[in-house]
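Asker:
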Amino acid sequence: MANLTTNFIGIKSPNPYWLASAPPTDKAYNVERAFKAGWGGVVWKTLGSEGPPVVNVNGPRYGAIWGADRRLLGLNNIELITDRPLDVNLREIKQVKRNWPDRALVVSLMVPCDEESWKAILKHVEDTEADGVELNFGCPHGMSERGMGAAVGQVPEYIEMVTRWVKQHSRMPCIVKLTPNIADIRKPAEAAKRGGADAVSLINTINSITSVNLDTFSPEPMIDGKGAHGGYCGPAVKPIALNMVAEIARDAQTRGLPISGIGGVTTWRDAAEFLTLGAGNVQVCTAAMTYGFGIVRELTAGLSHYMDQKGFTSVDQLVGRAVPNVTDWQYLNLNYVTKAKINQDLCISCGRCFAACEDTSHQAISMSADRRFEVIDDECVACNLCINVCPVADCITMEELPIGSTDPRTGEKVGDYANWTTHPNNPMAKAAE
Ligand SMILES: Cc1cc2nc3c(=O)[nH]c(=O)nc-3n(C[C@H](O)[C@H](O)[C@H](O)COP(=O)(O)O)c2cc1C
Ligand code: SF4
Ligand code: SF4
């Protein structure tokens, strides 16, 4: 059976699944049960400075987007960092770490942007013997208006400065958690690296308004007739997170910087995808909040089974495996030609592919009087929209034309690999001649 243990920046855990800093990791009661269920590690819910704890709203704090089967696809929240007293959290962290020495216990932090505040909290965390700290530079609501969270994460110079303080005033491994609410995720990652971060984690939540109540005309969740933007997470954000992880993994400045992948991990497949794009482990929040801690059993069993099937004996063998295949559009092979093909045995004649292709694509599907649907190879540009709208899995497939054959649409022979950089229609390619 595949070995799922990981050593992420020197922090060992029995599997690559950590609970992300959020309600599931807010107290010993939760974390103890999470560890019993099998989670490899946790990032404790973000701690703030000593003094009166933050105050949360007393009305609803979540908004949601559901699929047609009411499955939760996206979750929006307006919760702040922990609202429990600092000393209570620290005491519990220390006890939990003692009880579970083989699990990763990282403490998330967010304090005002001055050196003394960081120095003070780091001393407290070190006393707990936690494995490391994660700097929350991502929270997009509430705290950012106070100059913390995303307010730091959106300014690379601040990220570098605070990370440097943390590395100066503590020996603990330091993970910088990035906000996705920024144009180019590579900039904050580069800043974290310059500041001496041992790793970055991403993504934190995305600025969002999930819905508006059309009776009260208030964004939801509604607090006494008003709503504020919240942070979006869950399965819906996974594509955004995967891209950002890949951007950091393949950027020349940040290549090799360890990454903890976060955002919509719900199944072992999601986790495996993050790993292949360069994450050394993954963190999970919404899936645990939706299905409970027991989901980790599926996550570990599925990953282990997949690794066995592929012959991978350690998680490291999976990490970054897809990164060399992430490229820029200009390097894609323009001589890779495919055509859609409909399997008539599976087709239920719903006509969705026809409607999509006829009205919004390339008029490449014909419909007969008795509702038989066929692809017209002379017109098909291989966009694959039909596959994406077809309700029957594998009913439509894309078939590759072999090199040397003729594409009936263009009348041209399928050639060897050639990309845009050398294409005759590319003015830059011509200029280079
Ligand atoms: C209710 C809630 C509270 C959160 N609180 C924190 C927090 O205190 N610190 C933090 O770094 N991230 C916080 N997050 C963000 C998560 O740690 C995580 O980055 C995000 O939810 C994306 O992961 P997911 O798609 O698996 O939920 C919170 C998320 C939710 C839903
Ligand atoms: S791949 Fe695109 S162009 Fe071809 S049949 Fe499907 S929708 Fe039409
Ligand atoms: S969408 Fe799929 S099932 Fe429906 S007609 Fe087209 S091929 Fe058949």
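Per the UniProt record's numbering, residue 1 is the first one in the sequence shown, and the count goes up by one each step.
Here a beta-carbon is modelled for each residue, glycine too, at the ideal position from N, C-alpha and C.
Looking at residue 56 and ligand 5, is the gap between the Cβ and the nearest heavy atom below 8 Å?
Answerer: With respect to ligand 5, the structure shown offers nothing to examine, as its ligands consist of ligand 1, ligand 2 and ligand 3.
Asker: Assuming residue 104 and residue 11 make a contact with CB atoms under 8 Å, what is their CB distance in whole Å?
Answerer: Against the sequence shown, residue 104 aligns to sequence position 104. Against the sequence shown, residue 11 aligns to sequence position 11. Indeed, because the Cβ distance is near 5 Å, the residues count as touching under 8 Å.
Asker: If the criterion is Cβ atoms closer than 9 Å, does the pair residue 246 and residue 323 meet it?
Answerer: Counting from one through the sequence shown, the residue named residue 246 turns up at place 246. Counting from one through the sequence shown, the residue named residue 323 turns up at place 323. For residue 246 and residue 323, yes; Cβs fall inside 9 Å.
Asker: Tell me which same chain residues have a C-beta within less than 8 Å of the C-beta of residue 216, skipping the five on either side of it?
Answerer: Taking the first residue of the sequence shown as 1, we reach residue 216 at position 216. Cβ within range, chain order: 222 and 225.
Asker: Judging by CA-CA distance, which residue of 303, 394 and 391 is the nearest neighbour of residue 4?
Answerer: Residue numbering aside, residue 4 sits at position 4 when the sequence shown is read from its first letter. With distances taken between Cα atoms, residue 4 lies closest to 303.
Asker: Rounded to whole angstroms, what's the CA-CA distance from residue 181 to residue 120? Just pull it up for me.
Answerer: Translated into the one-based positions of the sequence shown, residue 181 becomes position 181. Translated into the one-based positions of the sequence shown, residue 120 becomes position 120. Taking the straight line from one Cα to the other gives about 28 Å.
Asker: Kindly indicate which residue of 192, 315 and 285 has the alpha-carbon position closest to the one of residue 2.
Answerer: For the purposes of this step, residue 2 is taken as the residue at position 2 of the sequence shown. Nearest option by C-alpha distance: 315.
Asker: Can you tell me which of 329, 290 and 275 puts its alpha carbon nearest to the alpha carbon of residue 319?
Answerer: Residue numbering aside, residue 319 sits at position 319 when the sequence shown is read from its first letter. The shortest C-alpha separation from residue 319 is found at 275.
Asker: From what residue to what residue does the alpha helix (DSSP H) around residue 331 run?
Answerer: The residue you call residue 331 lines up with position 331 of the sequence shown. Neither: residue 331 is in no alpha helix (DSSP H) and is coded neither H nor E.
Asker: Whole angstroms is fine: what's the gap from residue 252's alpha carbon to residue 186's?
Answerer: Numbered from 1 along the sequence shown, position 252 holds the residue referred to as residue 252. Numbered from 1 along the sequence shown, position 186 holds the residue referred to as residue 186. If I take the Cα positions, the gap works out to 10 Å.
Asker: Could you check what DSSP says for residue 336 in three-state terms: helix, strand or coil?
Answerer: Here residue 336 refers to the residue found at position 336 of the sequence shown. Looking at residue 336 - three-state DSSP - the assignment turns out to be coil, as it is neither helix nor strand.
Asker: What residue range does the alpha helix (DSSP H) around residue 298 cover?
Answerer: The residue labelled residue 298 in the question sits at position 298 within the sequence shown. From DSSP, the alpha helix (DSSP H) with residue 298 extends over 295-310.
Asker: Report the residue from 174, 168 and 383 whose alpha carbon sits nearest the alpha carbon of residue 115.
Answerer: Counting from one through the sequence shown, the residue named residue 115 turns up at place 115. Residue 115 has its Cα closest to that of 168, out of 174, 168 and 383.
Asker: Kindly confirm or deny that the region 156-168 and the region 53-73 touch, where touching means at least three C-beta pairs closer than 8 Å.
Answerer: No: the two stretches stay apart, fewer than three of their Cβ pairs being nearer than 8 Å.
Asker: Does DSSP put residue 27 in a helix, in a strand, or in coil?
Answerer: To locate residue 27, count along the sequence shown from 1; it is residue 27. The answer is coil: DSSP assigns residue 27 none of H, G, I, E or B.
Asker: How long is the line joining the alpha carbons of residue 438 and residue 403, rounded to whole angstroms?
Answerer: For the chain, the structure presents residues 1 to 433; residue 438 sits outside this window and is missing.
Asker: Is residue 136 helix, strand or coil by DSSP?
Answerer: Locating residue 136 in the sequence shown gives position 136, counting from the first residue. Residue 136 falls in the strand class under three-state DSSP.
Asker: Is it true that the region 45-60 meets the region 81-89, where meeting means three or more beta-carbon pairs spaced less than 8 Å apart?
Answerer: Yes: at least three Cβ pairs fall under 8 Å.
Asker: For a minimum of 3 consecutive residues, which ranges assigned as the beta strand (DSSP E) are wholly contained in the region 200-244?
Answerer: The region 200-244 contains these whole beta strand (DSSP E) runs: 206-208, 211-213, 218-220 and 230-233.
Asker: Counting Cβ pairs, one atom from each stretch, are 3 or more of them under 8 Å apart for the region 248-262 and the region 33-41?
Answerer: No, the region 248-262 is not in contact with the region 33-41.
Asker: Helix, strand or coil for residue 261, going by three-state DSSP, please let me know.
Answerer: Numbered from its first residue, the sequence shown carries residue 261 at position 261. Here residue 261 sits in strand by DSSP.
Asker: May I ask you to report which of helix, strand or coil DSSP gives residue 55?
Answerer: Taking the first residue of the sequence shown as position 1, residue 55 is located at position 55. Note: residue 55 maps to coil in three-state DSSP.
Asker: I'd like the list of long-range same chain contacts for residue 313, defined as Cβ closer than 7 Å, with 5 residues on each side in sequence excluded.
Answerer: Counting from 1 along the sequence shown, the entry for residue 313 is found at position 313. Result list for residue 313: 2 and 3, in chain order.
Asker: Report the rounded CA-to-CA distance for residue 49 versus residue 110, giving the unit in angstroms.
Answerer: Walking along the sequence shown from the start, residue 49 turns up at place 49. Walking along the sequence shown from the start, residue 110 turns up at place 110. Their backbone Cα atoms lie some 8 Å apart in a straight line.
Asker: For residue 213, which residues of its own chain have a beta-carbon under 7 Å away from its beta-carbon, when the five flanking residues on both sides are left out?
Answerer: Walking along the sequence shown from the start, residue 213 turns up at place 213. For residue 213, where only same-chain residues beyond five positions count, the Cβ hits under 7 Å are 220 and 222.
Asker: Taking the Cβ atom as the reference point for each residue, do residue 347 and residue 380 lie within a distance shorter than 9 Å?
Answerer: On the sequence shown, position 347 is the one that residue 347 refers to. On the sequence shown, position 380 is the one that residue 380 refers to. Against a cut-off of 9 Å, the Cβ pair of residue 380 and residue 347 comes out as no contact.
Asker: Where does residue 118 fall in DSSP's three states?
Answerer: By 1-based counting over the sequence shown, the position of residue 118 is 118. Of the three classes helix, strand and coil, the one that applies to residue 118 here is helix, per DSSP.
Asker: If I follow the unbroken beta strand (DSSP E) through residue 282, where does it start and stop?
Answerer: For the purposes of this step, residue 282 is identified with residue 282 of the sequence shown, where counting begins at 1. That run of the beta strand (DSSP E) goes 279-284.
Asker: Would you kindly work out how many angstroms separate the C-alpha atoms of residue 21 and residue 45, rounded to a whole number?
Answerer: Mapped onto the sequence shown, residue 21 falls at position 21. Mapped onto the sequence shown, residue 45 falls at position 45. Distance between the alpha carbons of residue 21 and residue 45 is about 4 Å.
Asker: Any chance you could list the beta strand (DSSP E) runs of at least 3 consecutive residues sitting entirely within the region 324-401, in chain order?
Answerer: Runs of the beta strand (DSSP E) inside the region 324-401: 338-342, 365-367, 373-375 and 396-400.
Asker: For residue 231 versus residue 208, is the C-beta spacing smaller than 9 Å?
Answerer: Here residue 231 refers to the residue found at position 231 when the sequence shown is read from its first residue. Here residue 208 refers to the residue found at position 208 when the sequence shown is read from its first residue. Their beta carbons are under 9 Å apart, which means residue 231 touches residue 208 by this criterion.
Asker: Is there a C-beta anywhere in chain C that falls below 9 Å from the one on residue 321?
Answerer: No chain C is part of this structure, which consists of one protein chain only.
Asker: Compute the distance between the beta-carbons of residue 191 and residue 175, then report whether it is under 9 Å.
Answerer: For the purposes of this step, residue 191 is identified with residue 191 of the sequence shown, where counting begins at 1. For the purposes of this step, residue 175 is identified with residue 175 of the sequence shown, where counting begins at 1. Not in contact: residue 191 and residue 175 (Cβ atoms no closer than 9 Å).
Asker: Does at least one heavy atom of ligand 3 sit under 8 Å from the Cβ of residue 385?
Answerer: On the sequence shown, position 385 is the one that residue 385 refers to. No - ligand 3 has no heavy atom lying nearer than 8 Å to the Cβ of residue 385.
Asker: Helix, strand or coil for residue 268? Go by DSSP, reduced to three states.
Answerer: Within the sequence shown, residue 268 is the residue found at index 268, counting from 1. Residue 268: helix per DSSP, three-state reduction.
Asker: Quick check: what's the CA-CA separation for residue 428 versus residue 421?
Answerer: Looking up residue 428 in the sequence shown gives position 428. Looking up residue 421 in the sequence shown gives position 421. Roughly 8 Å between the two C-alpha positions.
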